[in-house]
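Below: the structure, in structure tokens.
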Amino acid sequence: MLDFTEYNNVFPSAGIINPYDHKGASAIETFRKSFRESFLYYLLLDHDDIHPGRSQWADGFAEEAGLPKKYQFLMRGLWHMDRKEFKYAIENLTQPSLPTSFADEITIALVRLPLANKRSSSASQNDYTLALAYFHAAQPVFTSSEALELLFGALARTNVIEALDFSRRYPEWIRQQLFEKLVASILEQPEKLGARGKELVSASLTGEEESWFQEFLRRGEVRKTKGASVLLKMRGVVTGRLSSTAALEHLAGFP
Numbered sequence: 001m002l003d004f005t006e007y008n009n010v011f012p013s014a015g016i017i018n019p020y021d022h023k024g025a026s027a028i029e030t031f032r033k034s035f036r037e038s039f040l041y042y043l044l045l046d047h048d049d050i051h052p053g054r055s056q057w058a059d060g061f062a063e064e065a066g067l068p069k070k071y072q073f074l075m076r077g078l079w080h081m082d083r084k085e086f087k088y089a090i091e092n093l094t095q096p097s098l099p100t101s102f103a104d105e106i107t108i109a110l111v112r113l114p115l116a117n118k119r120s121s122s123a124s125q126n127d128y129t130l131a132l133a134y135f136h137a138a139q140p141v142f143t144s145s146e147a148l149e150l151l152f153g154a155l156a157r158t159n160v161i162e163a164l165d166f167s168r169r170y171p172e173w174i175r176q177q178l179f180e181k182l183v184a185s186i187l188e189q190p191e192k193l194g195a196r197g198k199e200l201v202s203a204s205l206t207g208e209e210e211s212w213f214q215e216f217l218r219r220g221e222v223r224k225t226k227g228a229s230v231l232l233k234m235r236g237v238v239t240g241r242l243s244s245t246a247a248l249e250h251l252a253g254f255p
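To convert, note that position 75 of the sequence shown is 75 in UniProt numbering; the numbers rise steadily by one, no gaps.
Shown next, in the form of structure tokens:
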């Protein structure tokens, strides 16, 4: 540990071994330089866009400055994101060499995209193709609960089994919250309760998941919904605790 009250520890005189990590300092300076150059590269992309076919300042600057490709991909991706050109953004943001610094922000923007477009039909408002394409290609590690919840919500509305598998990556207390969110998402779409509910109740649940399933539907916030009793009976048939005839009577009217 450096004693910063000692002048020579911070600014050593000649002949004294410097305890400061020169390698670490060099890495920090390289990062700062790349950050500054990346910001300028982004601005030059705007300039080139105003003068299409006549200006390639951004690429020229990147070559002259030696800006690493990963930062070029990152800034191009963010530039397209800002312009709402999401397909082009994903092409750049899913490059293998890309740092995951902005994974949370990218995911949040892509998941919210269908919901933000008020002119879309109800079908397209549930189209999470771009968000899931980014997730599958980049496999980001989230640092915020908002990004995790939004991505999981998109998974839950799209593929029940994939959402269940995804939830199992996390510690128990997070898993339980995600599992309950998955069950709630099924109940939010009564027109698909039969098909989506069947996917969940037919899955091989762990002992913990079975307990969460029963507790959430019997005593949780969704207990009073019509679909809650339906899912319980469907699960009862799958596990052999309930006859199929009794369950089918409650499935009438659910596709």
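Built from N, CA and C at the ideal position, the CB exists for glycine as well. All values reported here derive from a predicted model rather than from experimental measurement.
Among the residues of its own chain, which have a CB less than 6 Å from the CB of residue 212, if the five just before and after it don't count?
Along the sequence shown, read from residue 1 onward, the residue named residue 212 stands at position 212. Only 176, 179 meet the Cβ criterion.
Assigned secondary structure, residue 202 (DSSP; H/G/I helix, E/B strand, else coil)
Against the sequence shown, residue 202 aligns to sequence position 202. In this structure, residue 202 counts as coil in the three-state DSSP scheme.
For the segment 151 to 181, list the alpha helix (DSSP H) runs that are entirely contained and at least 4 residues long, ordered along the chain.
160 to 167
For residue 207, count neighbouring C-beta atoms within 10 Å of its own C-beta (all shown protein chains included) and say buried if the count is 16 or more, exposed if not.
Indexing the sequence shown from 1 puts residue 207 at position 207. Exposed, because fewer than 16 other Cβ atoms sit within 10 Å of the Cβ of residue 207.
Would residue 168 be called buried (16 or more neighbouring beta carbons within 10 Å of its own) or exposed?
Residue mapping note: residue 168 aligns to position 168 of the sequence shown, counting from 1. Exposed.
What do you get for residue 122, buried or exposed, if any count of 16 or more other CB atoms within 10 angstroms of its CB means buried?
Your numbering for residue 122 matches position 122 in the sequence shown. Any reading at residue 122 must be qualified, since the residue scores a pLDDT of 46, below 50, and its modelled position is unreliable; the value itself is stated next. Residue 122 comes out exposed.
Keeping to the same chain, check which residues put their C-beta closer than 7 Å to that of residue 89; ignore five residues upstream and five downstream.
As a position in the sequence shown, residue 89 is number 89, starting the count at 1. Cβ neighbours of residue 89 beyond the five flanking positions: 77, 80, 81.
May I ask you to report which of helix, strand or coil DSSP gives residue 127?
Counted from its first residue, the sequence shown places residue 127 at position 127. If DSSP states are grouped into helix, strand and coil, residue 127 belongs with coil.
Alpha-carbon to alpha-carbon, residue 135 and residue 209
Your numbering for residue 209 matches position 209 in the sequence shown. Your numbering for residue 135 matches position 135 in the sequence shown. Cα to Cα, residue 209 sits roughly 25 Å from residue 135.
Between the C-alpha atoms of residue 182 and residue 108, what's the straight-line distance to the nearest angstrom?
Counting from one through the sequence shown, the residue named residue 182 turns up at place 182. Counting from one through the sequence shown, the residue named residue 108 turns up at place 108. If I take the Cα positions, the gap works out to 18 Å.
Take residue 26 and list the residues in its own chain whose beta-carbon comes closer than 7 Å to its own, dropping the five residues that flank it on each side.
Translated into the one-based positions of the sequence shown, residue 26 becomes position 26. Reliability of the predicted coordinates at residue 26 is poor, the pLDDT of 49 falling under 50, and no value is obtained from them.
Comparing alpha-carbon positions, which option in 205, 204, 186, 203 lies nearest residue 229?
Along the sequence shown, read from residue 1 onward, the residue named residue 229 stands at position 229. Answer by Cα proximity: 186.
Own chain partners of residue 104 with C-beta closer than 7 Å, once the 5 adjacent residues on each side are dropped:
Looking up residue 104 in the sequence shown gives position 104. Around residue 104: 142, 143, 144, 147.
Measure the alpha-carbon distance for residue 95 versus residue 152 and round it to whole angstroms.
Start at 1 with the first residue of the sequence shown, and residue 95 comes out as number 95. Start at 1 with the first residue of the sequence shown, and residue 152 comes out as number 152. Residue 95 and residue 152: Cα-Cα distance of roughly 22 Å.
Would you kindly check if the distance between the Cβ of residue 164 and the Cβ of residue 203 is under 8 Å?
Within the sequence shown, numbered from 1, the residue matching residue 203 stands at position 203. Within the sequence shown, numbered from 1, the residue matching residue 164 stands at position 164. For residue 203 and residue 164, yes; Cβs fall inside 8 Å.
Tell me, to the nearest whole angstrom, how far the beta carbon of residue 62 is from that of residue 93; I am working on the premise that it is less than 8 Å.
Taking the sequence shown and counting its residues from 1, the one referred to as residue 62 is at position 62. Taking the sequence shown and counting its residues from 1, the one referred to as residue 93 is at position 93. With 8 Å as the limit, residue 62 and residue 93 do not qualify as a contact, their Cβ atoms being about 17 Å apart.
Between the Cα of residue 241 and the Cα atoms of 133, 214, 224, 220, which residue gives the shortest distance?
For the purposes of this step, residue 241 is identified with residue 241 of the sequence shown, where counting begins at 1. Nearest option by C-alpha distance: 214.
I need the boundaries of the alpha helix (DSSP H) containing residue 211, first residue and last residue.
Here residue 211 corresponds to residue number 211 of the sequence shown, with the count starting at 1. Its alpha helix (DSSP H) spans residues 207 to 219.
What's the C-alpha gap between residue 44 and residue 199?
Taking the first residue of the sequence shown as 1, we reach residue 44 at position 44. Taking the first residue of the sequence shown as 1, we reach residue 199 at position 199. Near 50 Å, if we compare the C-alpha coordinates of residue 199 and residue 44.
Can you tell me whether DSSP reads residue 188 as helix, strand or coil?
The residue labelled residue 188 in the question sits at position 188 within the sequence shown. In the structure shown, residue 188 sits in coil (DSSP, three-state: anything other than H, G, I, E or B).
Just to confirm, is the Cβ distance from residue 91 to residue 67 under 8 Å?
Residue 91 sits at position 91 when you count from the first residue of the sequence shown. Residue 67 sits at position 67 when you count from the first residue of the sequence shown. No, the pair does not count as a contact, with Cβ atoms beyond the cut-off.
I need the straight-line Cα distance from residue 237 to residue 231, nearest angstrom please.
As a position in the sequence shown, residue 237 is number 237, starting the count at 1. As a position in the sequence shown, residue 231 is number 231, starting the count at 1. Approximately 10 Å between the Cα atoms of the pair.
Do you know how far the Cα of residue 234 is from the Cα of residue 197?
Within the sequence shown, the letter at position 197 stands for residue 197. Within the sequence shown, the letter at position 234 stands for residue 234. Using only the alpha carbons, I get a separation of about 8 Å.
Burial state of residue 56, where buried means 16 or more other Cβ atoms lie within 10 Å
As a position in the sequence shown, residue 56 is number 56, starting the count at 1. By the neighbour-count rule (16 or more Cβ atoms within 10 Å), residue 56 is not buried but exposed.
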